[in-house]
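In the numbering used here, the protein residues as written are 139 to 350.
Here you go:
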């Protein structure tokens, strides 16, 4: 069996529900976010996991915890999996950013690979640190199932990097809703995306929640 990489975005937070910028901020999961994490664990606890590797933020740790407890695996924390740093946009709404940082916002929309949020991080910088984590996983776990629990931009950038998608289009080409699962299978021809943004393990009420 070749390496099968599961990429899980954390469950709902107040910011994912409203669309506010949240990178270095460290909110807890909402009650619904905790339900999402529990639903993921219940649906995937029968898988033979080699490792569970997690961004060291409260929202990702809380998302990984139910599965770690169910399968008795200790999560590995890795800074390289943290979310994009949004700088001065942290905690702000999209409307506030458009009004107060209009030039930076337009540059970021046009080419986020090389233009960061004001005082924040570019997609290229994010890809550089996140790709190191993926490379370490590929070296250490040549086969089996590995779960990575991370964030919206981080997962999209990882997928672009693995699949050869223009990094500047990560926001336009890939969508990963809260607590959604994407799967990449590594084979002789390289990485292949087999699942994107799956939330079928949730009940209808959780899947119907609006949010980013």
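Each residue gets a CB set at the ideal place from its N, CA and C atoms; glycine is no exception. Predicted model only: the values in this text are computed from it and were never measured.
Secondary structure at residue 339, three-state DSSP: helix, strand or coil? coil
Helix, strand or coil, according to DSSP, for residue 246 in the structure here? helix
Alpha carbon to alpha carbon, what distance is there between residue 324 and residue 299? 14 angstroms
Using a 10 Å radius around the Cβ and a threshold of 16 neighbouring Cβ atoms, would you call residue 311 buried or exposed? exposed
Is the stretch 301 to 308 in contact with the stretch 250 to 257, if contact means three or more CB pairs nearer than 8 angstroms? yes
Nearest-angstrom Cα separation, counted from residue 205 out to residue 182: 8 angstroms
Spatial neighbours of residue 175 in its chain, beta-carbon cut-off 6 angstroms, leaving aside the 5 residues before and after: 149, 201 and 204
Would you tell me roughly how many angstroms separate the C-alpha atoms of residue 155 and residue 347, rounded to the nearest one? 8 angstroms
Three-state secondary structure (DSSP) of residue 255: coil
Am I right that residue 289 and residue 210 are in contact with their C-beta atoms under 8 angstroms? What's the rounded C-beta distance? Not quite, the Cβ-Cβ distance comes to about 26 angstroms (not below 8 angstroms), so this is no contact.
Which word fits residue 234, buried or exposed, when buried means at least 16 other C-beta atoms lie within 10 angstroms of its C-beta? exposed
Nearest candidate by alpha-carbon position, reference residue 295, set 336, 238 and 267: 267
With DSSP as the reference, label residue 197 as helix, strand or coil. helix
Just curious, the beta strand (DSSP E) that residue 221 is in, first and last residue? From DSSP, residue 221 is part of no beta strand (DSSP E); its letter is neither H nor E.
Hey, residue 222 and residue 161: beta-carbon distance below 8 angstroms or not? yes
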